[in-house]
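Chemist: First, the structure itself, so that you have it in front of you.
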Amino acid sequence: MKKIEAIIRKSKFIQVKEALHNVDVNFFSYWDVTGLGNEKEAHVYRGVSYSTQDIQRRYLSIVVNDDFEEITIKALLEAASTGDVGDGKIFVSDISETYRIRTGEKGGETLKKKSK
259 MKKIEAIIRK SKFIQVKEAL HNVDVNFFSY WDVTGLGNEK EAHVYRGVSY
309 STQDIQRRYL SIVVNDDFEE ITIKALLEAA STGDVGDGKI FVSDISETYR
359 IRTGEKGGET LKKKSK
C-alpha cells in the first residue's frame, strides 16, 4: 500500500477531486494549509504590493493499494497542473498496514468499498 500526499493549488481542488473519483479513488482526507515557497519576489496587484512567499494550498492525504499508485499519481499530475511555478508537489511513501476500525479487518481490503 502507498500513501500519496499532494500539495496543490486550492483553485485546482475541484478538478483534482473529480479526477480522483474518475479513477475510483473515492476516499481521501484534505486540509487547507499555508506554506513557504521558493519564490521570494513581491507582486503588485491594483497598486497593492503583496508577498508570494506565504502560499495558500490544499494538502491531500490518499492511501491506495499498490495497483492504484500509478493511476492516482497520473490523475493528480493531469488535474493539478497549470504549467506555472507553484503547482505543488506529490510525495509517495509505503504503508505497512491498515485496519478497518468498525470490523477489525486489516490489509488492503480495508481500502475497498464494501458491497452491502
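Each step along the sequence shown adds one to the number in my numbering, with nothing skipped, and position 74 is 332. The beta-carbon is built from N, C-alpha and C at its ideal position, and this holds for glycine as well.
Check the DSSP bridge columns for residue 262 and list the partner residues they point to.
Modeler: Answer is 320, 350, bridged to residue 262.
Chemist: Excluding five sequence neighbours on each side, which residues of the same chain lie with their C-beta closer than 6 Å to the C-beta of residue 277?
Modeler: The answer, listed in chain order, is 333, 337.
Chemist: Which residue wins for smallest C-alpha separation from residue 286, given the options 342, 269, 345, 322?
Modeler: Among 342, 269, 345, 322, the Cα nearest to that of residue 286 is on 322.
Chemist: With a 10 Å radius around its C-beta and 16 neighbouring C-beta atoms as the bar for buried, classify residue 371 as buried or exposed.
Modeler: It counts as exposed.
Chemist: Taking 8 Å as the limit between beta carbons, can you name the residues of its chain near residue 364, skipping five residues before and five after?
Modeler: Excluding positions up to five away in sequence, the list reads 355, 356, 357, 358.
Chemist: For residue 328 and residue 335, what's the separation of their Cα atoms in angstroms?
Modeler: C-alpha separation (whole angstroms): 10 Å.
Chemist: By a C-beta neighbour count over all protein chains shown, 10 Å radius and 16 as the cutoff for buried, is residue 274 buried or exposed?
Modeler: Looking at its Cβ environment, which holds 16 or more other Cβ atoms inside 10 Å, residue 274 is buried.
Chemist: Taking only three categories from DSSP, how would you classify residue 359?
Modeler: Coil, per DSSP.
Chemist: Compare the beta carbon distance of residue 347 and residue 316 with 8 Å and say whether it is the shorter of the two.
Modeler: Not in contact: residue 347 and residue 316 (Cβ atoms no closer than 8 Å).
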